[in-house]
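Enquirer: Chains as they are written, first to last, in the working numbering: chain A, 1 to 120; chain B, 1001 to 1105.
Note that beta-carbon positions come from the ideal geometry of N, C-alpha and C, so glycine has one too.
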Amino acid sequence: QVQLVQSGAEVKEPGASVKVSCKASGYTFTGHHLHWFREAPGQGLEWMGGIQGGSGATKYGKQFQDKITMTSDTAISTVYMELTRLTSDDTAVYYCARVAVAGRGYFQHWGQGTLVTVSS
Amino acid sequence: IVMTQSPVTLSVSPGERATLSCRASQSVRSDLVWYQQKPGQAPRLLVYDSSTRATDIPSRFSGSGSGTDFTLTISSLQSEDSAVYFCQQYNGWPLTFGGGTYVEI
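(1) A:E13 to A:L115, Cα distance in whole Å?
(2) Determine which residues of the stretch 1025-1045 of chain B have a Cβ less than 9 Å from any Cβ of chain A, and write them out in chain order.
(3) Determine, for B:G1092, whether the minimum Cβ-Cβ distance to residues of chain A falls below 7 Å.
(4) Interface residues of chain B around A:Y106 at Cβ under 7 Å?
(5) Flag A:W36 as yes if its beta-carbon sits less than 7 Å from any beta-carbon of chain B, otherwise no.
(6) Count Cβ pairs between the stretch 1011-1025 of chain B and the stretch 21-39 of chain A that sit closer than 8 Å; are there 3 or more?
(7) Grab me the residues of B:S1030's own chain with a C-beta within less than 6 Å of its C-beta, minus the 5 sequence neighbours each way, in chain order.
(8) Compare the Cα-Cα distances from B:L1038 to each of B:P1014, B:I1105, B:D1081, B:R1053 and report the closest residue.
(9) For A:S7, which residues from the same chain have a beta carbon less than 7 Å from its beta carbon, with the 5 sequence-adjacent residues on both sides left out?
(10) Whether or not the stretch 105-112 of chain A and the stretch 1039-1047 of chain B are in contact is what I'm after, with contact meaning three or more pairs of Cβ atoms, one per stretch, closer than 8 Å; do they touch?
(11) Mind checking which residues open and close the beta strand (DSSP E) that includes B:A1083?
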């Protein structure tokens, strides 16, 4: 079965960077895109961007283009999401997710979430 | 594409029906999904393509609509249905979500 396991919670100071990992198993890693979302306290879900597991091709949301980098390591079936120049507005739970069906933009499989807290 | 959900909170008794709405700022055809999210958990896919139930989703969940107006109906609510429900469109980029409806049993 498809499983996505994310790295643990992080606490960062304003201005720092954070890198969250998402290890995939149970399917052909190179055949699917993985996407990242975040959920800030009291707010809804926000799509951040996606990466193709095999080619590493990325698509980022406009509001994140200057501060996000997604990478893929096919050897260990893991994708990474790095966010730079953190502010308190980046405090959120971050999720990775895989589409239910290749080429469709909805998500059946989700990681457990990673809480990132930005605080001085 | 802006997704707007209503109501924000819905209080329903067990066994009753709940009707949740989602409106898109422009047509998304039938490219709409509904998720259920409980506290501390990741979202769970309920319905895709506006009206197709995902695997292992009980038949009391049903979706309808196309274009700009969509509905998720939960017939005969059960206590475990207490959660936040989100809609999401996948007709255009960026993917966007509604603000959610909290269903309180």
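Expert: In short, the structure shows the following:
(1) A:L115 has its alpha-carbon roughly 14 Å from the corresponding atom of A:E13.
(2) So the close ones are D1031, L1032, V1033, Y1035, Q1037, G1040, Q1041, A1042, P1043, R1044, L1045.
(3) Look at B:G1092: its C-beta is not under 7 Å from any C-beta on chain A.
(4) Those are V1033, L1045, Y1048, Q1088, Y1090, listed as they occur along chain B.
(5) A:W36 does not count as touching chain B.
(6) By the Cβ rule, the stretch 1011-1025 of chain B does not count as touching the stretch 21-39 of chain A, because fewer than three pairs are nearer than 8 Å.
(7) Closer than 6 Å at the Cβ level, and outside the excluded window around B:S1030, lie D1049, S1050, S1066.
(8) Before going further, note that residue 1038 of chain B is Lys rather than Leu in the sequence given. When only C-alpha atoms are compared, the closest one is B:D1081.
(9) The residues are V20, S21, T114.
(10) Three or more Cβ pairs drawn from the stretch 1039-1047 of chain B and the stretch 105-112 of chain A lie within less than 8 Å of each other, which places the two stretches in contact.
(11) DSSP places B:A1083 inside the beta strand (DSSP E), whose first and last residues are 1083-1089.
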